[in-house]
Amino acid sequence: FWANLPIITTVGDWSGELVEKNHLGKVIYYNDYLGWTKAIIDMIDNTTIYSNYKRNVYKQVNNYVWSNVVKPLKEYLKEPYHAYDKKYIFNLKSKSEDEQIDILRDKLKDYSDILLFADKKEFLFYELSKEKDINFVPIKFIKDTEKREDFLKTEVNFHNLEDEIKKGKKYQAAIIRNLIKPFSYQDLYSILSRILILLKKDGLIGIILPSPLYFNRLIPGPKYTNRLFRKYIFTIEMLLKNIGFKNLEKIELKYPAIWSKAWEDSFKDYSSK
Numbered sequence: 010f011w012a013n014l015p016i017i018t019t020v021g022d023w024s025g026e027l028v029e030k031n032h033l034g035k036v037i038y039y040n041d042y043l044g045w046t047k048a049i050i051d052m053i054d055n056t057t058i059y060s061n062y063k064r065n066v067y068k069q070v071n072n073y074v075w076s077n078v079v080k081p082l083k084e085y086l087k088e089p090y091h092a093y094d095k096k097y098i099f100n101l102k103s104k105s106e107d108e109q110i111d112i113l114r115d116k117l118k119d120y121s122d123i124l125l126f127a128d129k130k131e132f133l134f135y136e137l138s139k140e141k142d143i144n145f146v147p148i149k150f151i152k153d154t155e156k157r158e159d160f161l162k163t164e165v166n167f168h169n170l171e172d173e174i175k176k177g178k179k180y181q182a183a184i185i186r187n188l189i190k191p192f193s194y195q196d197l198y199s200i201l202s203r204i205l206i207l208l209k210k211d212g213l214i215g216i217i218l219p220s221p222l223y224f225n226r227l228i229p230g231p232k233y234t235n236r237l238f239r240k241y242i243f244t245i246e247m248l249l250k251n252i253g254f255k256n257l258e259k260i261e262l263k264y265p266a267i268w269s270k271a272w273e274d275s276f277k278d279y280s281s282k
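Here it is as structure tokens:
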């Protein structure tokens, strides 16, 4: 096509049908040697036939330029459809995200300046940033999770939170969201104590927990998974109380969440450290 020359091809495949349909050249049977010879001679001697075929080929060239060939694919990728067997899963995911956004909007309706400490920018950030002033601080993991029956260990890099503290800015609310792997108890204490320093008086903290499915990836078996998940929630509640948070409220979602506010006196303790 790109040479803009008439085509001689054989019967039996899509190219032969294309050549014959659009009068782009000669279509010959595979073993018809005389036909091949005659077709070549016609192309050389009959300038009218040659010119007509060449003109028809030129008309088809644009259909086979790469940008035009992939155009249907580009249009499809703009709005891809999920496979039927996965469509239900994506619908559930979308519904779960909508539930979380609705609850967060309700919880954060009186707060505008928010810190989001999360493993990645996802729907929470993009949805809430439309109406709130949100500062995203990424979670940086150092080592992989250690897997045991009733124990988890993940090391977290706290430099991002330390940098926020050095800026001296105070936030009305903070959200901690971690879907990759559960924090270790030691890191949870360090994270919560740093978040407390970053909050204004009576600031709100929301901890959106990994779902039991994520624990199940670490610890096989529903018995151990449920036990570990309950222990994880209990530990967070105890840490919040010990660090200086009040009004604990647990909300059961697809991803459970714990909400708490800081005692005013607790700021004095941590500010002096």
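Per the numbering used here, the very first residue in the sequence shown carries number 10; after that it's consecutive.
Glycine included, every Cβ here is placed at the ideal spot set by N, Cα and C.
Please read all numbers here as calculations on a predicted model, not as lab measurements.
Boundaries of the beta strand (DSSP E) in which residue i is found, first to last residue
i, result
"D142", "D142 to P147"
"G34", "G34 to I37"
"F134", "Here F134 belongs to no beta strand (DSSP E); instead the alpha helix (DSSP H) covers F132 to L137."
"S76", "No beta strand (DSSP E) contains S76, which is instead part of the alpha helix (DSSP H) from W75 to V78."
"F192", "Looking at the DSSP string, F192 is not in any beta strand (DSSP E), and its letter there is neither H nor E."
"S269", "A266 to A271"
"L124", "D122 to A127"
Range covered by the alpha helix (DSSP H) that runs through residue i
i, result
"K47", "Y42 to D54"
"K175", "H168 to K176"
"D211", "Segment L208 to I217 is the beta strand (DSSP E) holding D211; no alpha helix (DSSP H) there."
"L27", "W23 to N31"
Rounded straight-line distance, which links the Cα of residue j to that of residue i
i, j, result
"L170", "N72", "56 Å"
"F192", "I204", "15 Å"
"I174", "A182", "14 Å"
"I139", "I252", "Looking at the sequence itself, residue 139 is Lys, so the reference to Ile does not match. Using only the alpha carbons, I get a separation of about 32 Å."
"K250", "F99", "37 Å"
"Q195", "K102", "31 Å"
"E136", "L197", "26 Å"
"H168", "S199", "12 Å"
"D115", "R236", "30 Å"
"D211", "F238", "28 Å"
Proximity to residue i [Cα-Cα], best of the options
i, options, result
"Y120", "K209, V146 and I58", "K209"
"M52", "Y241, N144, I252 and L14", "L14"
"N144", "I267, I185 and K118", "I185"
"K270", "F238, L213, M247 and R236", "L213"
"S24", "V66, E84 and E246", "V66"
"D142", "L124, I148 and L133", "L124"
"H32", "F134, I16 and P147", "I16"
"D122", "K68, K178, V70 and V165", "K178"
"N187", "G215, F243 and T19", "G215"
"I217", "A48, I242 and L248", "I242"
*When the Cβ atoms of the segment 118 to 129 are set against those of the segment 99 to 110, are three or more pairs found closer than 8 Å?*
Touching, no, given that fewer than three Cβ pairs across the two stretches are closer than 8 Å.
*Between the segment 75 to 83 and the segment 35 to 44, are three or more C-beta pairs nearer than 8 Å?*
Short answer: they don't touch.
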